[in-house]
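Following: one structure in structure tokens, then a few remarks.
Now the structure itself:
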């Protein structure tokens with residue numbers, strides 16, 4: 032049987048693609064260098080909001096995705112700042128311990144508030160971004176903007192997807 036691309040199941044991959052392309056276009060307009068983080072965040076946001084639980088719950092979930100991303104960025108930033116202050120190359124193992132602690136904190140946040148699941152991803156991305164030899168703290172605002180653009184576009188695309196599904200269910 033032929034797969035109906037425009038049917039209920041086919042709209043989801045289309046929304047994922049629209050989310051990714053929209054995010055790329057917005058990031059290019061802002062001339063951001065960390066476009067890849069925005070695209071990843073956008074697609075993960077759409078994926079995490081793919082199940083419709085009602086408009087009110089979806090708004091709460093969308094807020095939690097954005098807040099979780101912001102908190103993850105913050106935890107990652109703080110972790111890297113402390114790594115810079117406390118750790119030298121001779122204590123490289125401490126780097127892994129600090130990542131472990133940061134992931135435990137953001138993972139606990141996700142466990143308590145499941146909607147904050149993007150906090151772990153954002154935290155790890157921030158740590159890996161700032162832990163690179165050639166990175167500077169000037170990337171932090173750009174990274175934060177990239178992630179927030181990805182979350183917002185992912186939320187918008189998720190609402191479009193669910194609006195489409197609702198019209199299909201009524202038809």
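Residue numbers (this note's numbering): 32 to 202.
Where a beta carbon is used, it is the ideal one built from N, C-alpha and C, also for glycine.
Just so you know, these numbers come straight off a predicted model, no measurement behind them.
Query: Collapsed DSSP secondary structure at residue 96 in the structure displayed; Result: helix
Query: Boundaries (first-last residue) of the alpha helix (DSSP H) holding residue 174; Result: 170-201
Query: Inter-stretch contact at 8 Å, needing at least 3 Cβ pairs: the segment 122-140 / the segment 169-182; Result: no
Query: 7 Å CB neighbourhood of residue 50 in its chain, flanking five on each side removed; Result: 73, 74, 77, 184, 185 and 188
Query: Counted within 10 angstroms of its Cβ, other Cβ atoms place residue 106 as buried (16 or more) or exposed; Result: buried
Query: Residue 8 burial status per 10 Å Cβ neighbour count (16 or more: buried); Result: Nothing in the structure corresponds to residue 8, since the chain is present only between 32 and 202.
Query: Simplified DSSP assignment, three categories, for residue 80; Result: coil
Query: Proximity below 8 Å, CB of residue 151 to CB of residue 103; Result: yes
Query: Where residue 160 sits in the DSSP three-state scheme; Result: helix
Query: Beta-carbon spacing of residue 140, residue 147 below 8 Å; Result: yes
Query: Residue closest to residue 65, alpha-carbon to alpha-carbon, out of 129, 42 and 159; Result: 159
Query: Cβ-Cβ separation, residue 179 to residue 79 (assumed contact under 8 Å), whole Å; Result: So it is not a contact: roughly 16 Å between Cβ atoms.
Query: Proximity to residue 132 [Cα-Cα], best of 153, 142, 115 and 110; Result: 110
Query: Counted within 10 angstroms of its Cβ, other Cβ atoms place residue 90 as buried (16 or more) or exposed; Result: exposed
Query: Buried or exposed by the 16-neighbour rule on C-beta atoms within 10 Å, applied to residue 97; Result: buried
Query: C-alpha gap between residue 115 and residue 157, whole angstroms; Result: 14 Å
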